[in-house]
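Our numbering applies: residue 134 is where the sequence shown begins, and numbers increase by one.
We treat Cβ as the ideally placed atom computed from N, Cα and C, and that holds for glycine.
Comments concern the structure below.
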Amino acid sequence: MKNTFKLLIISVLFTLMMQSFAISITAPAVAQTDYGYKGVPVNIEVIVTKGDGHVFMDTMPLTQLDMQGSARIASKVAFDIAGKNVKDYNVYYIVRSDVPIVGGPSAGATLCVATIAELNNWSLNKNVMMTGMINPDGSIGPVGGILEKIEAAKECGCNYFLIPKGERYVNRDGKTVDAVEFGKKLGINVIEIESIYDALYYFTNHKLKKKTYSPNPIIEEKYTKSMRVLATDILKKSKEKYAEVEEKLKNNYFGYEYQNSLENELKEAEDLIKKEDSQYMDGKYYASTCSGFNAIIKLETIDATIDYFNGEDVKKYLLNIQNDLEHKKEIINSHKITKNNIEFVIAAKNRIFEGENFLDSAWKSYYSNSPIEAIKYGAYAKCRGESAIWWLNLSPDNGGETIDTQKLKQLSQEYLDNAETIVLYSSMVMPSPLVDEGDKKLNYAKKAYNERDYLLTISNSIDASVLATTSLEFMNDYNYLRNLAREKINIAESYGILPMSALGYYEYAESLNDTISKIMYYKYATSYAQMDIDILKAISYISMDETENTTSYYNNSNHNKEKPQFEKTEPINTLNVKNTFINITYLVVGLICGLFGGYYLRNK
134 MKNTFKLLII SVLFTLMMQS FAISITAPAV AQTDYGYKGV PVNIEVIVTK GDGHVFMDTM
194 PLTQLDMQGS ARIASKVAFD IAGKNVKDYN VYYIVRSDVP IVGGPSAGAT LCVATIAELN
254 NWSLNKNVMM TGMINPDGSI GPVGGILEKI EAAKECGCNY FLIPKGERYV NRDGKTVDAV
314 EFGKKLGINV IEIESIYDAL YYFTNHKLKK KTYSPNPIIE EKYTKSMRVL ATDILKKSKE
374 KYAEVEEKLK NNYFGYEYQN SLENELKEAE DLIKKEDSQY MDGKYYASTC SGFNAIIKLE
434 TIDATIDYFN GEDVKKYLLN IQNDLEHKKE IINSHKITKN NIEFVIAAKN RIFEGENFLD
494 SAWKSYYSNS PIEAIKYGAY AKCRGESAIW WLNLSPDNGG ETIDTQKLKQ LSQEYLDNAE
554 TIVLYSSMVM PSPLVDEGDK KLNYAKKAYN ERDYLLTISN SIDASVLATT SLEFMNDYNY
614 LRNLAREKIN IAESYGILPM SALGYYEYAE SLNDTISKIM YYKYATSYAQ MDIDILKAIS
674 YISMDETENT TSYYNNSNHN KEKPQFEKTE PINTLNVKNT FINITYLVVG LICGLFGGYY
734 LRNK
């Protein structure tokens, strides 16, 4: 019996040793009280074991918003940075709070830091706390409740509080508050950070040295040639359409009001073509195609309106568009998908899908007895369908191995989960028309997923995430987003693929003047470049050994940034040790059960 008791003690010791492998971190959150929102601390434990790619979350009490999507992205980014394949491990997040919290993605960056620390057996600085959502590209996204969370950090005795770049100035009760000065009054250093790499430095005193990539000149030239071909074709089409519609309008008169309205529309189309021409001459081919496309939509609207005034049936016009979209959709869906043309197929699918949605709006307007409005929606739907084929025709030949899109199911689910978390969170923190549009895109993504169109699921999820997060962006300096987009494009190009959409959005952002639009399109560029990388990983075209986030670690005690006092640690990999202990623990428990069972039966 004494020996049995000893074995029992040993098993308890092994259990305690297992517990020591869990990494603990505290995140700030907001709880809704009778007096408004209040900052509260949330305790999080992270455990990583050998497994098959599952992410488990245990929250108590339940959060108002699901954190699962954010946890998946946090895990994905952490494994990318650590250079490990997430499919070989399971991650467990245990979240505990004394009061119900809002939840959502604001703890995503904290989860990511803790996961990286767990993977490398790093200690965490307990004097640091952070808020911010984690984006798939590793950047830290904006969140709400900054001031309340700083107060929560104060209650926990923290000296440093990390916030997303651009959220230094926040609104409280109609007044602008400087979060840095607010923190100083509480004895806390509030620091803006841009990416998870910045956060890791403050939490672990380790600086991650990222691999750097330069633009691939061969890929860049391919992009320029492809866009020049498309821009040349659209410029020709817009000018020909303008001449045709101008002549048609001259030969018809529908009364002063209608005539004046149509002539104003024609003038706007003319201005767009001039802009298109100028952008073409400057070598801004994507921007040129955008201006030309908008001009063609206006011209098609004028053309169809003239026909309507001359007795043409609007219903017939819409039916022709419907048949045309269905035919083009069949062409796109039957197109062989390879790693070389997947970007173009996604672009074509997106445009057909958008065309179908505008056609639905056209039919609603038609049956609501609004023929002019129906024509406007119909014209856009028709042009969107044509643009889908433009993009498909730009794709390289169908050479190469066909991609089984079923392999993208899990990836599309991850993108969808992340988008849903972000949209729900944004709708609570900063409701806006952009968030409403993001919610619409989210519903499109869900529909596409249910229809097993995983490419469309991913692209609509990107739309939803970009629109929702753009509404939360407060930074006036978009240079970080610009640099991030360029960095991600360079990484995608390093794998020999043409990130067509990312390069196009980047070029378009460069041509814009207003800050919000630039932010949005830089985010689109980053998201689509990241999508290319994620798809290549999902189809096993690139391995984790080749991942863009493979980094080297070095202690950065001489770095010139302000640095919290922290005991230095060296990065080592102990997952194999941990799993050895797990297996030994199972063995010991089994032996104990056997001994107790034998002892019981013998005495009986």
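Check your understanding: Are the CB atoms of Pro-194 and Val-232 nearer to each other than 9 Å?
Key -> Counted from its first residue, the sequence shown places residue 194 at position 61. Counted from its first residue, the sequence shown places residue 232 at position 99. Yes, the Cβ-Cβ distance between Pro-194 and Val-232 is below 9 Å.
Check your understanding: Helix, strand or coil: which one does DSSP assign to Val-232?
Key -> Reading the sequence shown from its first residue, position 99 is the one you call residue 232. If DSSP states are grouped into helix, strand and coil, Val-232 belongs with coil.
Check your understanding: Helix or strand or just coil, what does DSSP make of Phe-294?
Key -> As a position in the sequence shown, residue 294 is number 161, starting the count at 1. Phe-294: strand per DSSP, three-state reduction.
Review point. Under 9 Å between the Cβ atoms of Asp-331 and Ile-273?
Key: Walking along the sequence shown from the start, residue 331 turns up at place 198. Walking along the sequence shown from the start, residue 273 turns up at place 140. Cβ atoms of Asp-331 and Ile-273: closer than 9 Å.
Practice item. Can you grab the Cα-Cα spacing for the pair Glu-354 / Ile-367, in whole Å? Key: Position 221 of the sequence shown, counting from 1, holds the residue named residue 354. Position 234 of the sequence shown, counting from 1, holds the residue named residue 367. Using only the alpha carbons, I get a separation of about 20 Å.
Review point. Are the beta-carbon atoms belonging to Leu-382 and Leu-395 less than 9 Å from one another?
Key: For the purposes of this step, residue 382 is taken as residue 249 along the sequence shown, with counting starting at 1. For the purposes of this step, residue 395 is taken as residue 262 along the sequence shown, with counting starting at 1. Yes, the pair counts as a contact, with Cβ atoms nearer than the cut-off.
Exercise for review: Count the other C-beta atoms from every protein chain shown that fall within 10 angstroms of the C-beta of Ser-424, then say buried if there are 16 or more, exposed otherwise.
Suggested key: Here residue 424 corresponds to residue number 291 of the sequence shown, with the count starting at 1. Buried, by the Cβ-count rule.
Point to revise | Cβ-based neighbour list, Gly-782, same chain, cut-off 6 Å, excluding 5 preceding and 5 following | key: Since the first and last residues shown for the chain are 134 and 737, residue 782 lies out of range.
Review point. So what's Gly-277 in DSSP terms, helix, strand or just coil?
Key: As a first step, residue 277 must be located in the sequence shown, where it is residue number 144. Three-state result, Gly-277: coil.
Practice item. Check whether the segment 504–520 touches the segment 484–495, taking contact to mean three or more Cβ pairs, one atom from each stretch, closer than 8 Å. Key: They touch, by the three-pair rule.
**Study point:** At least 3 beta-carbon pairs within less than 8 Å: the segment 449–469 vs the segment 639–646
**Key:** Verdict: no, contact absent.
Practice item. Count the C-beta pairs between the segment 384–399 and the segment 618–630 that are closer than 8 Å, then say yes if the count reaches three, no if not. Key: The segment 384–399 makes no contact with the segment 618–630: fewer than 3 CB pairs, one atom from each, lie closer than 8 Å.
**Study point:** Pairwise C-alpha distance: Ala-164 and Cys-291
**Key:** Position 158 of the sequence shown, counted from the start, is the residue given in the question as residue 291. Position 31 of the sequence shown, counted from the start, is the residue given in the question as residue 164. Cys-291 and Ala-164 have their alpha carbons spaced roughly 19 Å apart.
Check your understanding: Looking at the structure shown, is Ile-622 part of a helix, part of a strand, or coil, going by DSSP?
Key -> To locate residue 622, count along the sequence shown from 1; it is residue 489. Correct three-state label for Ile-622: helix.
**Study point:** Assigned secondary structure, Arg-305 (DSSP; H/G/I helix, E/B strand, else coil)
**Key:** In the sequence shown, the residue the question calls residue 305 occupies position 172. Three-state result, Arg-305: strand.
Exercise for review: On a CA-only basis, which of Phe-336, Asn-612, Asn-576 is nearest Trp-255? Give me that one, please.
Suggested key: In the sequence shown, counting from the first residue as 1, residue 255 sits at position 122. Comparing alpha carbon positions, the residue from Phe-336, Asn-612, Asn-576 closest to Trp-255 is Phe-336.
**Study point:** Chain-order list of residues whose beta-carbon lies under 7 Å from that of Met-653 (same chain, five-residue window excluded)
**Key:** Taking the first residue of the sequence shown as 1, we reach residue 653 at position 520. Result list for Met-653: Val-599, Thr-603, in chain order.
Review point. Is it right to say Ala-511 is buried, meaning 16 or more other beta carbons lie within 10 angstroms of its own, or is it exposed?
Key: To locate residue 511, count along the sequence shown from 1; it is residue 378. The sequence given here has Gly at residue 511, not Ala. Under the 10 Å beta carbon count, Gly-511 is surrounded by 16 or more other beta carbons and is classified as buried.
Exercise for review: Taking Trp-524 and Phe-477 to be in contact with their CB atoms under 8 Å, please state how far apart those CB atoms are, rounded to whole angstroms.
Suggested key: Position 391 of the sequence shown, counted from the start, is the residue given in the question as residue 524. Position 344 of the sequence shown, counted from the start, is the residue given in the question as residue 477. That pair is a contact at about 5 Å.
Exercise for review: Ignore the nearest five residues each way along the sequence and tell me which others in Val-145's own chain have a CB closer than 8 Å to its CB.
Suggested key: Counting from one through the sequence shown, the residue named residue 145 turns up at place 12. For Val-145, the pLDDT reaches just 46, beneath the cut-off of 50, and the residue's location in the model is therefore unreliable, leaving the point undetermined.
Review point. Asn-473 and Ser-592 look like a contact to me (Cβ under 8 Å); what is the Cβ gap, rounded to whole Å?
Key: In the sequence shown, counting from the first residue as 1, residue 473 sits at position 340. In the sequence shown, counting from the first residue as 1, residue 592 sits at position 459. Actually they are not in contact, since the Cβ atoms of Asn-473 and Ser-592 sit about 18 Å apart, beyond 8 Å.
Practice item. Report buried or exposed for Gly-307, applying the criterion of at least 16 other Cβ atoms within 10 angstroms of its Cβ. Key: In the sequence shown, residue 307 corresponds to position 174, counting from 1. Classification of Gly-307: exposed, given that the 10 Å Cβ count is below 16.
Review point. How big is the Cα-Cα spacing for Asn-268 and Ile-206?
Key: On the sequence shown, residue 268 is found 135 positions in, with the first residue counted as 1. On the sequence shown, residue 206 is found 73 positions in, with the first residue counted as 1. Distance from the CA of Asn-268 to the CA of Ile-206, rounded to the nearest whole angstrom, comes to 7 Å.
Check your understanding: Rounded to a whole number of angstroms, what is the C-alpha to C-alpha distance between Thr-554 and Asn-385?
Key -> Position 421 of the sequence shown, counted from the first residue, corresponds to residue 554. Position 252 of the sequence shown, counted from the first residue, corresponds to residue 385. Taking the straight line from one Cα to the other gives about 53 Å.
Check your understanding: So, using beta-carbon positions, are Phe-426 and Ser-520 closer together than 9 Å?
Key -> In the sequence shown, counting from the first residue as 1, residue 426 sits at position 293. In the sequence shown, counting from the first residue as 1, residue 520 sits at position 387. Yes.
Review point. Rounded to the nearest angstrom, how far is the Cβ of Lys-238 from that of Ser-203, given a contact under 8 Å?
Key: For the purposes of this step, residue 238 is identified with residue 105 of the sequence shown, where counting begins at 1. For the purposes of this step, residue 203 is identified with residue 70 of the sequence shown, where counting begins at 1. Correcting the residue type first, residue 238 is Pro in the shown sequence and not Lys. Correct: roughly 4 Å between the Cβ atoms.
Point to revise | Other residues of its chain near Phe-189: CB distance less than 8 Å, five sequence neighbours each side excluded | key: For the purposes of this step, residue 189 is identified with residue 56 of the sequence shown, where counting begins at 1. Result list for Phe-189: Asn-223, Val-224, Tyr-225, Tyr-226, in chain order.
Exercise for review: Could you name the residues of the same chain whose beta carbon sits closer than 7 Å to that of Cys-289, not counting the 5 residues immediately before and after it, in chain order?
Suggested key: Within the sequence shown, residue 289 is the residue found at index 156, counting from 1. Correct list, in chain order: Thr-159, Pro-174, Met-262.
Practice item. Measure from the alpha carbon of Glu-284 to the alpha carbon of each residue in Thr-659, Ser-359, Asn-322, then state which is nearest. Key: Your numbering for residue 284 matches position 151 in the sequence shown. Of the listed residues, the one whose Cα sits closest to Glu-284 is Asn-322.
Check your understanding: Looking at the unbroken beta strand (DSSP E) that takes in Asp-191, where does it start and where does it end?
Key -> As a working mapping, residue 191 is identified with position 58 in the sequence shown. For Asp-191, the enclosing beta strand (DSSP E) stretches over residues 188–193.
Review point. So which of Glu-325, Ser-634, Ile-429, Lys-344 has the shortest CA-CA distance to Lys-369?
Key: For this step, residue 369 is matched to residue 236 along the sequence shown. Nearest of Glu-325, Ser-634, Ile-429, Lys-344 to Lys-369, Cα basis: Ile-429.
Review point. Should the segment 577–589 be called in touch with the segment 536–551, which here means at least 3 C-beta pairs below 8 Å?
Key: Counting Cβ pairs under 8 Å, three or more are found: they touch.
Practice item. Evaluate Pro-275 with the Cβ neighbour count: other Cβ atoms within 10 Å of its Cβ, from every protein chain shown; 16 or more gives buried, anything less gives exposed. Key: Reading the sequence shown from its first residue, position 142 is the one you call residue 275. Counting of Cβ neighbours within 10 angstroms places Pro-275 among the buried residues, the total reaching 16 or more.
Practice item. Could you pull the start and end residues of the alpha helix (DSSP H) that Thr-166 belongs to? Key: To locate residue 166, count along the sequence shown from 1; it is residue 33. In the DSSP assignment, Thr-166 falls outside any alpha helix (DSSP H) and within the unbroken beta strand (DSSP E) covering 156–166.
Check your understanding: Since Leu-614 contacts Lys-670 with CB under 8 Å, what's their CB separation in whole angstroms?
Key -> For the purposes of this step, residue 614 is identified with residue 481 of the sequence shown, where counting begins at 1. For the purposes of this step, residue 670 is identified with residue 537 of the sequence shown, where counting begins at 1. Separation of the CB atoms of Leu-614 and Lys-670 is rounded to 23 Å, and the pair is thereby denied contact status at 8 Å.
Check your understanding: I think Thr-538 touches Ile-470, with their Cβ atoms under 8 Å apart; what is that distance to the nearest whole Å?
Key -> Counted from its first residue, the sequence shown places residue 538 at position 405. Counted from its first residue, the sequence shown places residue 470 at position 337. Your pair Thr-538 and Ile-470 checks out as a contact, with CB atoms roughly 7 Å apart and the cut at 8 Å.
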